């Protein structure tokens, strides 16, 4: 108690000394210092308002039937029952990841968007990419080979979009349905996608002037294409939306949407 009284007495002395110093300063100098202080505070306040908030949007993309909608509900509810019907409209929701519902502390909700994979509905993807903090490209590992070319074309279009390249949006290639014995491994899928994208680079060299404005060249000229050559970070992992094996997906999401 005595220590507290001593501290209070010292604070009173400091306040008194500051008051005396202010009174001794010329009025003009005092107001000038006050004006500088106000302008400084105003500057930092405006700067903070103008600074764009970090996005919490994660986009799910991929061919129809790859399991995006199952994954959406697994991440949101921990259940795949509502995700068995092919989506014709984007599924969008802002929520805490289901696995984090029990965790204590401040965690930032994510805004997850499941974009339909049908070719006629893919233009909807462009509505969300400019705000995406990350993109998850879902591949059906069970039925991969018949859809390899189509998946590579879709992924090629994403990797060359200005909204992806300029902002260096991280991309996770997710090999889904790997709980099945006959599913292809993520390494096999990676190699096949790289080969197909390499072929697409050659066949799409003759771009129109309009395309050049929005597309970026992939890879290193004269070398076989590899995802490691992309300007934005591209990683590949496996998961199973049906069984709830989505820990790698959640880790990717949290790397982009910080708590």
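Numbering (full-length UniProt numbering), first residue to last: 1 to 259. All C-beta atoms in this analysis are idealised placements derived from N, C-alpha and C, irrespective of residue type, glycine included. Since we're looking at a predicted model, the values are computed, not measured.
Asked                                                                                                             : Found
Bridge partners - residue 308, DSSP secondary structure assignment                                                : With the chain covering 1 to 259 only, the question about residue 308 has no answer from this structure.
Residue 76 burial status per 10 Å Cβ neighbour count (16 or more: buried)                                         : buried
Residues bridged to residue 157 [DSSP beta-bridge criterion]                                                      : None, per the DSSP bridge assignment.
Host alpha helix (DSSP H) of residue 225 (start-end)                                                              : Where residue 225 is concerned, there is no enclosing alpha helix (DSSP H), given that its DSSP letter is neither H nor E.
Residue span of the alpha helix (DSSP H) that contains residue 200, given as start and end                        : 186-203
Coil, strand or helix - residue 240 by DSSP                                                                       : strand
Cβ distance (whole Å) where residue 136 is taken to contact residue 172 below 8 Å                                 : 5 Å
Beta-bridge partners of residue 97, as assigned by DSSP                                                           : Residue 97 pairs with nothing; no bridge assigned.
Member of 117, 78, 234 whose CA lies at the smallest distance from the CA of residue 99                           : 78
Cα-Cα separation between residue 224 and residue 164, rounded to whole angstroms                                  : 22 Å
Buried versus exposed, by CB contacts within 10 Å (16 or more), residue 11                                        : exposed
Exposed unless 16 or more other CB atoms sit within 10 angstroms - verdict on residue 116                         : buried
Outcome for residue 62 when other beta-carbon atoms lying within 10 angstroms are tallied against a minimum of 16 : buried
According to DSSP, residues forming a beta bridge with residue 245                                                : 240
Residue 122 versus residue 160: straight-line alpha-carbon distance, rounded                                      : 15 Å
CB-CB length for residue 253 against residue 67, believed under 8 Å                                               : Residue 253 to residue 67, Cβ: 16 Å. No contact.
Reference residue 236, options 219, 178, 200, closest by Cα                                                       : 178
Per-residue DSSP class, three states only, for residue 56                                                         : coil
Own chain, CB closer than 8 Å to residue 182, minus 5 neighbours either side, in chain order                      : 142
Alpha-carbon to alpha-carbon, residue 107 and residue 256                                                         : 13 Å
Secondary structure of residue 183, DSSP reduced to three states                                                  : coil
Residue range of the unbroken alpha helix (DSSP H) whose run includes residue 71                                  : 68-77
CA nearest to the CA of residue 239, picked from 195, 175, 130                                                    : 175
Residue burial classification, residue 6 (beta-carbon count within 10 angstroms, cutoff 16)                       : exposed
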